[in-house]
Amino acid sequence: MDRKIFSYWFITHLAILSLLFNEVVCSFPSGYNDGPKNGYNNGYNSGYNNGHNGGYNNGHGSRGYGMISNLDYRFYDRSCPRLQMMVKSGVWRAFKDDSRIAASLLRLHFHDCFVNGCDGSILLDDSEDFKGEKNALPNRNSVRGFDVIEDIKTDIESVCPLTVSCADIVALAAREAVVLTGGPFWPVPLGRRDSLTASEQAANTNLPSPFEPLENITAKFVSLGLDFKDVVVLSGAHTIGFAQCFVFKHRLFNFKGSGQPDPNLAASSDLLSKLTDTCPNVDSSNSNLAPLDAASVVKFDNAYYVNLMNNVGLLDSDQILMSDSNAAALVKSYSESPYLFSRDFAVSMVKMGNIGVMTGSDGVIRARCGFPG
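With this note's numbering, the residue at position 361 of the sequence shown is 446, and numbering never jumps.
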């Protein structure tokens, strides 16, 4: 790795870790609790909380984590101490064979958490009792990485049987995927339990669509305890990965019924030419893939926001961020500061990873991620 790049990467990650762990250390004396004062709590004052003043929170003061669950960074330290290294190794093996898998694992975590919480429900196959989420419209022939999670789970079961949830493996794999592509590291709170069921209908209803207006997308985030800033920050995950042509092809050939390409894309003739080569105006090209961020396809960076500033975001739901003054201001900030984006992305990922989690005696630990038993 180039020395300058390594130095930037090291300083950025050290700063993020310092930012995260300083709050953890300061909170330990009061313990993990649900009270109104200090520690990991759901109160209103300091520590990692869901309140309105200091610490990492989900309120209106300092931006931070919103620790609204009983998750614990050290949950498996004794019961499965090799867990995080095993997940890391599994993700690295998969990435070596398929660089697309990094974005797929990140998306898998997002799509899991947005449907009835981060409970591993997206991994469940259909059964006699329910139609699962795998074949919901936003996921069908699109969401990937199930085999990677199952392979990692198999490895873990051989060492720590019926100990680690599939939901936690998904959360850890998403983090490793981001780090592997040059993005930020963040400590992942653990202790999620797995669901016994899944819902195709809930997936169709709850998952944001690239065709929806910003107001609808924001409402879906807010309904889960996230906020408008999280919309802009987590959209930055599109700095890696690909989209199928049918999702954006209208922008290439018939923007808003004009029979012409989107003027913003047309202004970048090289990009438009590449996209039309990949996605010719025929139905057979619908499943072809184009990079969401052509500037750095498998590098997790802030180029996504630079693209938006240049009006060449690929999806409607990407470029629409520039139609809102508050979102546009955040986009501008992130386009100018890779560190700021990395820091805020880490915070938003922890917040998202806390959505609707089951802990304690709720839910189960699945032996196989695709089956509820």
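We treat Cβ as the ideally placed atom computed from N, Cα and C, and that holds for glycine.
Asked	Found
Is it right to say V332 is buried, meaning 16 or more other beta carbons lie within 10 angstroms of its own, or is it exposed?	buried
Checking the sheet assignment: what are the DSSP bridge partners for P376?	F327
To test your reading of the DSSP string, which unbroken alpha helix (DSSP H) runs of 4 or more residues are found completely within the stretch 158-233?	168-182, 186-198
Could you give the first and the last residue of the continuous alpha helix (DSSP H) run that contains S320?	313-320
Grouping DSSP H, G and I as helix and E and B as strand, with all else coil, what is V307?	helix
Between V416 and L406, is the Cβ-Cβ spacing less than 9 Å?	yes
Report yes or no: do three or more beta-carbon pairs, one from the stretch 176-186 and one from the stretch 425-435, lie closer than 8 Å?	no
Count the other C-beta atoms from every protein chain shown that fall within 10 angstroms of the C-beta of N107, then say buried if there are 16 or more, exposed otherwise.	Bear in mind that the predicted position of N107 carries a pLDDT of just 42, short of 50, making it unreliable; the figure below should be weighed with that in mind. Classification of N107: exposed, given that the 10 Å Cβ count is below 16.
Alpha carbon to alpha carbon, how far is D197 from R278?	13 Å
On the DSSP letters alone, give me the boundaries of the alpha helix (DSSP H) that S433 sits inside.	423-437
For the pair the stretch 320-334 and the stretch 360-375, tell me if three or more CB-CB distances fall below 8 Å.	yes
Report the residue from P295, L247, F215 whose alpha carbon sits nearest the alpha carbon of A452.	L247
If we ignore side chains and look at the alpha-carbon of each, how far apart do T361 and A379 end up?	14 Å
Expressed to the nearest angstrom, what Euclidean distance is found between the alpha-carbon atoms of E242 and T324?	33 Å
Using only CA atoms, which one of L265, S174, A283, R163 lies nearest to D75?	Outside the shown range of the chain (86 to 458) lies residue 75, about which nothing can therefore be said.
Which value, in whole angstroms, describes the spacing of the CA atoms of A221 and A288?	6 Å
Please list, in chain order, all residues of the same chain as G267 whose beta carbon is under 8 Å from its beta carbon, the five residues on each side excluded.	W94, K384, F385, D386
Counting only the same chain and skipping the five closest in sequence on each side, list residues whose C-beta sits under 8 Å from that of A258.	V172, G175, V176, L190, L193, H194, G230, V233, I234, I237
Using three-state DSSP, classify D279 as helix, strand or coil.	strand
Look at K280 and N201 and say whether their C-beta atoms are less than 9 Å apart.	This sequence places Ser at residue 280; Lys is not what is there. Taking 9 Å as the Cβ cut-off, S280 and N201 qualify as a contacting pair.
Buried or exposed: where does L188 fall if 16 or more other Cβ atoms within 10 Å of its Cβ makes it buried?	Per the sequence shown, the amino acid found at residue 188 is Ala instead of Leu. By the 10 Å Cβ count, A188 comes out buried.
For V244, which of helix, strand or coil comes out of DSSP?	helix
How big is the Cα-Cα spacing for E213 and G205?	19 Å
For L168, tell me which candidate among C251, S184, K219, R336 has the shortest Cα-Cα distance.	C251
Please look up how many angstroms separate the CB atoms of C364 and L208, rounded, as I've assumed it's under 8 Å.	About 30 Å separates the two Cβ atoms, so there is no contact after all.
What are the start and end residues of the alpha helix (DSSP H) that includes N476?	The first residue shown for the chain is 86 and the last is 458, placing residue 476 beyond what the model contains.
Here's a check: name, in chain order, each residue in its chain whose Cβ is nearer than 8 Å to the Cβ of A256, leaving out the five neighbours to either side.	H194, C203, V273, L275, R277, G438
Determine the direct distance from the alpha carbon of Q404 to that of A412, and round the result to whole angstroms.	11 Å
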